[in-house]
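Protein chains in written order, with the working numbering: chain B, 1 to 429; chain L, 1001 to 1460; chain P, 2001 to 2477. Beta carbons are placed, not taken as given, at the ideal position from N, Cα and C, and that holds for glycine. For clarity, every value in this text was computed on a predicted model and none was experimentally measured. Data block below; observations after.
Following this line, the structure appears as structure tokens:
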């Protein structure tokens, strides 16, 4: 029997695995199982592989790594699982183990190292990279590249389409500011701005602050905040994630907020589960638990607080794609729907299979582009059926993916975040 | 006569004299399409039935089991007919658990008697089949004849939960059980339904029973043409109203039904217009449900521009329903010679029915159509005598009906036909691709071919 | 497993539809049951022709074949007990035809049960059989096992909703039985094949009936302080001839585990609850709901709640349908039994199950289709403790024997599979087996299809076969 590597943070125990009674109720909820119908790419099969690898009955080799890499970590299986298996916890541990024990091909190691360890944790590097990318997008280079066949030849044409558009100004400049509530203050909240969102979702972040302040929230944007570490944690780069967690806990600590808010469901579920990164006997654990308890998704918070800002009547047929890490990771289903229905004149239609991932899943659309695009195609097929003019979702990653989907599949649908839609119907005060 | 006499004597030595009959007049009562058995045996228990089967195996004899013999004209005549096995001697209730709504009853139990017994506990078995005054429970089941309650309660497949029987090796076997939900082992008992005695000698049947409804009602709506009637029927189906029965009658069928109604001289409040197509709906439920359905049906009939429609009270509904339930019985004697088809067709296509009527027109034959629930059509052709030209006309018509049914993704069989026609037409229609599998089944149940040889599909 | 078989299958189906590495095969050695058996090869056909050709190859190489859908079965029906090639139908998952006019759907076997309903609900129709695994299990698996579910009380099990099948026999011959509309002359072969657990033929296309949604539905939750009161209520509901669409019972102990999962507001201090659903015309539903409530009160129900809307109703059902899995929260492993008893014997059966549990020192949960008399006692145990494991098996055997003693059956919906084949002699005689065997051999003469299922392998009355080896889990945990 092999000795398992030393992986920092919480380690799943016997009961965590034994909870899976291999009933198979997760299968059809799993996007990758639905694509390929392979047990190895189902939650049940992945858990079985983890057990076998743990027992040394299966090598920690290409096959296992491939199946675990293909997992979107969307956690739809957790919603389906009646036994309460915490799959997210298990798969992240498996990834951490792969990270320490498995030697990936050189190029993969190189890029993972750059992205997870050298780029995302450092705001100035993100800003620098963003300026480079903005130059590519605005200088005419992009049009040139798209017109030429170079992208196709490099096999990058589809990935290039999924690239976020870099904003003209960055949200970084708002860090450290406090935005007063309009009218009577109903709550004091801290805003978690994200990492890449600072350069690609400036408008979303600004809209979020407008909607919150319009509804009586004082919004503080702590300056020392960093990337939440979700992408690193999902990828198994656990030490980096732990570092980021420590710094964020410190950045938001002692502010006496009613809640810490994020508009990114992917970040939110990691932030809520910071305690998973530390084992219960580590000194950081209690603070991580407390931090997690004060985290709320912005839709969750607003739905509970109740909207008071007057809204314009808007004739729109909208549908809603659940963001996996909101629905499955945080079990928030009703809040965004409730907010949408609160807009006067809105016609809300359910999107069939809205609980299945759109294929965005963090960096999945870059690492597993083909699978991601297959999922996106099915998603857009259903989106068309709804005849909605606007697709609403609750996470920046999903927004990018669905916007690309609307473009690639020519559905002509507008894709916005819940708070962007709310912002657009705020009556100017 | 010696062979027969010997046969009877040998049988008597097995079962005792009082179980065997070989007298000519009685033998004739067991005739099938003119074929008379060599002897009649009346077993009094499943064991005795098994002994007869084993005797038949040793003596290479063919057995045709029967109950009240009300439907011996179904199927082809047997290829051989040595012994008539009269199962009416097995007529006990083996088990009745009213609290569980389950029943286990011997094969020869008359349906009427069973119904009375069940009614005492407020229950019934939804086998509303023709000749119900005399039919035995196993006879009704093995005949495969349709129950008019099929729409609401399904076919016996839906409420037969187990069976005991003697297989072709003379062994007492069982399948299923006495509980309402059961997937233990193969559901062999389902194969016995409609098998016309070709697989086994049924000795006991287990059923789930049902609670008698509190109230009944009916409606008759008339239409000037088939399309109108069909549209009304579709509207009823779409409405989702739960009906016990839903039948569409062609004008000729209406006329014949009205005539039978008159003969029975019972109080019948409704009117049947013999110049019209009629849709008869029967429904049941509690005291609130029945008037509600009646109201909804009247509304639908108005919307469908019915030429007339009226609600029947419980008594009139029972009366008309009873006559239509018995239609198979009286239609076959309604004229000197009759060919009565049973055709399963998709419900949605009235064109198929028009095509059937065209067959009758083309052959200048009088025809009656009765469309039962779930797309089962009874199509009857009447001829005035059994002469060659009539037989010829029927033969041609049968070929066309079989092919029409096949083209409409349905299937036709002849429920009743003049014996002489059966030598020209296989009443089961053209063979289907699954015949080979049926032969497999037959062979595994009855490897020596002792049960009703030749009576069934494809010569089984 | 001959290498040339692998080569031929690869060239027939393409390598992406053939699994042959151990690391892949170990993921097909389990299903939803406690059984285990590993296939030598796994293949994914896309068409009936594929299936036929695979079977011809299997005959040529004389290897056993077992069909599988999603692998959610509870009796090991879809496990390769004899090794050989496993045909997974998950990629044959197209809905071929929706005939809404005649309320029929024609589907491939890999279509997921609930996806049929999702495809037709816009027309007010649905597919009635609703096993608890319906969001994952395939219709092909439902057909093989003749699956049931809560609502089969009123609407019948799978066989009552299947009108035609396309089958492939072991020699590769493709045959069709039944018809889309009405019934066909001859023996009810559809009725024979549904529930034959993949031992006679492989099903490649299924025509199912669609059911019209009822106009009204009411879901009642009755809460009892004594299990006896709940079981007496069920017996009386049946005896009074009230026919609910579903009548489910959950004992209080199990209920707590469910409540932890779904937070539906189930009481944590009850002895048992009944979930009763009545459907039909508004007038009928009103009357039946009142009658059910009356019976509940007569038997001392502490409270009877009626779901106010679809959301409340869905929540109640979510609790019921996830019940088995929810017990995974209480113990590392559980063993779900499936027995049937006459409904009039329900009170005594539940008492006996409780005392059997006591005898072996187990808590035995009960979540079951009370209205059908279909019991699902659940024995919770820790597989790391060999004594507990032995006791779990002994207790289960005793419960099933008791069901048979009461006039019941070995299995109501999970199937015999490789779990209960050795118990079959409790119900069937040598003559019964002889006939069943002849029918089996008529279609599957070499036992190449799903060997080791249904029929007892040993002589005499045997055991429930539960995997003897306790589950092993990662060493470091």
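Exercise for the section: Using the Cα positions of residue 1434 (chain L) and residue 2048 (chain P), report the straight-line distance between them to the nearest angstrom. Expected result: CA-CA distance, residue 1434 (chain L) to residue 2048 (chain P), rounds to 17 angstroms.
Exercise for the section: Indicate the three-state DSSP secondary structure (helix, strand or coil) for residue 1208 (chain L) in the structure shown. Expected result: Reduced to three states, the DSSP call for residue 1208 (chain L) is strand.
Practice task
Note down the Cα distance separating residue 2435 (chain P) from residue 1166 (chain L), rounded to an integer number of angstroms.
Solution key: Rounded to the nearest angstrom, the two C-alpha atoms are 10 angstroms apart.
Problem - Alpha carbon of residue 2100 (chain P) to alpha carbon of residue 1346 (chain L), nearest angstrom - result: Going from the Cα of residue 2100 (chain P) to the Cα of residue 1346 (chain L) covers about 12 angstroms.
Handout entry: residue 2457 (chain P), buried or exposed, once every other Cβ within 10 Å from all chains shown has been counted against 16
Key = Of the residues assessed, residue 2457 (chain P) falls on the exposed side of the cut-off, its CB having fewer than 16 other CB atoms within 10 angstroms.
Practice task
Pull up the distance between the alpha-carbon of residue 2348 (chain P) and that of residue 2285 (chain P), whole angstroms please.
Solution key: Residue 2348 (chain P) and residue 2285 (chain P): Cα-Cα distance of roughly 30 angstroms.
Practice task
Would you mind stating whether residue 2207 (chain P) and residue 2104 (chain P) have Cβ atoms separated by less than 8 angstroms?
Solution key: Closer than 8 angstroms, so yes.
Problem - Reference residue 377 (chain B); option with closest CA among B:339, B:158, B:340 and B:50 - result: Comparing Cα positions, the closest option is B:158.
Handout entry: Three-way DSSP call (helix, strand, coil) for residue 2112 (chain P) in this model
Key = Here residue 2112 (chain P) carries a strand assignment [DSSP, helix/strand/coil].
Practice task
Report buried or exposed for residue 1002 (chain L), applying the criterion of at least 16 other Cβ atoms within 10 angstroms of its Cβ.
Solution key: In this prediction, residue 1002 (chain L) scores a pLDDT of 49, lower than 50, which makes its location untrustworthy; the coordinate-derived value is nonetheless stated afterwards. By the neighbour-count rule (16 or more Cβ atoms within 10 Å), residue 1002 (chain L) is not buried but exposed.
Exercise for the section: Identify the continuous alpha helix (DSSP H) that holds residue 1190 (chain L) and give its terminal residues. Expected result: Element bounds for residue 1190 (chain L): 1188-1192.
Exercise for the section: Run the CB neighbour count on residue 2374 (chain P), radius 10 Å, all protein chains shown included, and call it buried at 16 or more, exposed below. Expected result: Of the other Cβ atoms in all chains shown, 16 or more fall within 10 Å of the Cβ of residue 2374 (chain P); this residue is therefore buried.
Practice task
Please classify residue 1429 (chain L): is it buried, with 16 or more other beta-carbons within 10 angstroms of its beta-carbon, or exposed?
Solution key: By the neighbour-count definition (other C-beta atoms within 10 Å, threshold 16), residue 1429 (chain L) is a buried residue.
Exercise for the section: Provide the residue(s) that pair with residue 2449 (chain P) in DSSP beta bridges, ordered along the chain. Expected result: Looking at the DSSP assignment, residue 2449 (chain P) forms a beta bridge with P:2065.
Handout entry: Three-state secondary structure (DSSP) of residue 431 (chain B)
Key = Any question about residue 431 (chain B) goes unanswered here, given that chain B covers just 1 to 429.
Handout entry: Beta carbon proximity, residue 2334 (chain P) to chain D, threshold 8 angstroms
Key = Structure shown: chain D not included; protein chains present are B, L and P.
Practice task
Alpha carbon to alpha carbon, how far is residue 56 (chain B) from residue 1 (chain B)? Give it in angstroms, no decimals.
Solution key: Residue confidence is low: residue 1 (chain B) scores 31 on pLDDT, short of 50, so the model does not pin down where it sits. No coordinate-derived value is stated.
Practice task
To the nearest angstrom, report how far apart residue 245 (chain B) and residue 341 (chain B) are at their CA atoms.
Solution key: Distance between the alpha carbons of residue 245 (chain B) and residue 341 (chain B) is about 35 angstroms.
Problem - Contact set between residue 2032 (chain P) and chain B, taken where Cβ atoms lie within less than 8 angstroms - result: Against residue 2032 (chain P), the close residues of chain B are 21, 22, 23 and 24, in the order they occur along the chain (beta-carbon pairs closer than 8 angstroms).
Exercise for the section: At 3 residues or longer, and completely inside the stretch 275-331 of chain B: list those beta strand (DSSP E) runs for me, N to C. Expected result: As far as the stretch 275-331 of chain B is concerned, its whole beta strand (DSSP E) runs of at least 3 residues are 295-297 and 316-320.
Practice task
On a CA-only basis, which of P:2033, P:2036, P:2034 and P:2028 is nearest residue 2043 (chain P)? Give me that one, please.
Solution key: Cα-wise, what sits closest to residue 2043 (chain P) is P:2028.
Exercise for the section: Can you give me the start and stop residues for the alpha helix (DSSP H) that residue 378 (chain B) sits inside? Expected result: In the DSSP assignment, residue 378 (chain B) falls within the unbroken alpha helix (DSSP H) covering 369-386.
Problem - Cα-Cα separation, residue 1175 (chain L) to residue 1189 (chain L) - result: Approximately 6 angstroms between the Cα atoms of the pair.
Practice task
For residue 1362 (chain L), count neighbouring C-beta atoms within 10 Å of its own C-beta (all shown protein chains included) and say buried if the count is 16 or more, exposed if not.
Solution key: Exposed, because fewer than 16 other Cβ atoms sit within 10 Å of the Cβ of residue 1362 (chain L).
Handout entry: Three-state class that DSSP yields for residue 2187 (chain P) in the structure shown
Key = Judged by DSSP in its simplified three-state form, residue 2187 (chain P) adopts coil rather than helix or strand.
Exercise for the section: Flag residue 1174 (chain L) as yes if its beta-carbon sits less than 8 angstroms from any beta-carbon of chain P, otherwise no. Expected result: Yes, residue 1174 (chain L) counts as interfacial toward chain P.
Problem - Contact list for residue 2328 (chain P) against chain B, beta-carbon separation under 9 angstroms - result: Listed along chain B are 18, 19, 20, 21, 23, 81, 82, 83, 84 and 85, each with a C-beta nearer than 9 angstroms to that of residue 2328 (chain P).
Handout entry: Closer than 8 angstroms to chain P by CB, residue 183 (chain B)
Key = Among the residues facing chain P, residue 183 (chain B) is not included, as its CB has no counterpart in that chain under 8 angstroms away.
Exercise for the section: Measure the Cβ-Cβ separation of residue 1456 (chain L) and residue 1297 (chain L) and say whether it is below 8 angstroms. Expected result: The answer is no: Cβ separation not under 8 angstroms.
Problem - residue 1178 (chain L) CB to nearest heavy atom of the ligand SAM below 7 angstroms - result: This structure lacks the ligand SAM; in fact it carries no ligand of any kind.
Practice task
Tell me, please, whether the CB atom of residue 27 (chain B) is closer than 8 angstroms to any CB atom in chain P?
Solution key: Chain P has a Cβ within less than 8 angstroms of the Cβ of residue 27 (chain B).
Exercise for the section: Take residue 44 (chain B) and list the residues in its own chain whose beta-carbon comes closer than 7 angstroms to its own, dropping the five residues that flank it on each side. Expected result: If we look at residue 44 (chain B) and ignore the five residues flanking it on each side, its Cβ neighbours are 20, 22, 24, 26 and 27.
Handout entry: N- and C-terminal bounds of the alpha helix (DSSP H) containing residue 2236 (chain P)
Key = Its alpha helix (DSSP H) spans residues 2227-2239.
Problem - Contact check, residue 2307 (chain P) vs residue 2274 (chain P), beta carbons under 8 angstroms - result: In this structure, residue 2307 (chain P) sits away from residue 2274 (chain P), with a CB-CB distance that is not shorter than 8 angstroms.
Practice task
Determine, using beta carbons only, whether residue 2180 (chain P) comes closer than 8 angstroms to chain B.
Solution key: Chain B contact via Cβ: absent.
Practice task
Give the single residue among L:1031, L:1385 and L:1046 whose Cα lies nearest to the Cα of residue 1039 (chain L).
Solution key: With distances taken between CA atoms, residue 1039 (chain L) lies nearest to L:1031 out of L:1031, L:1385 and L:1046.
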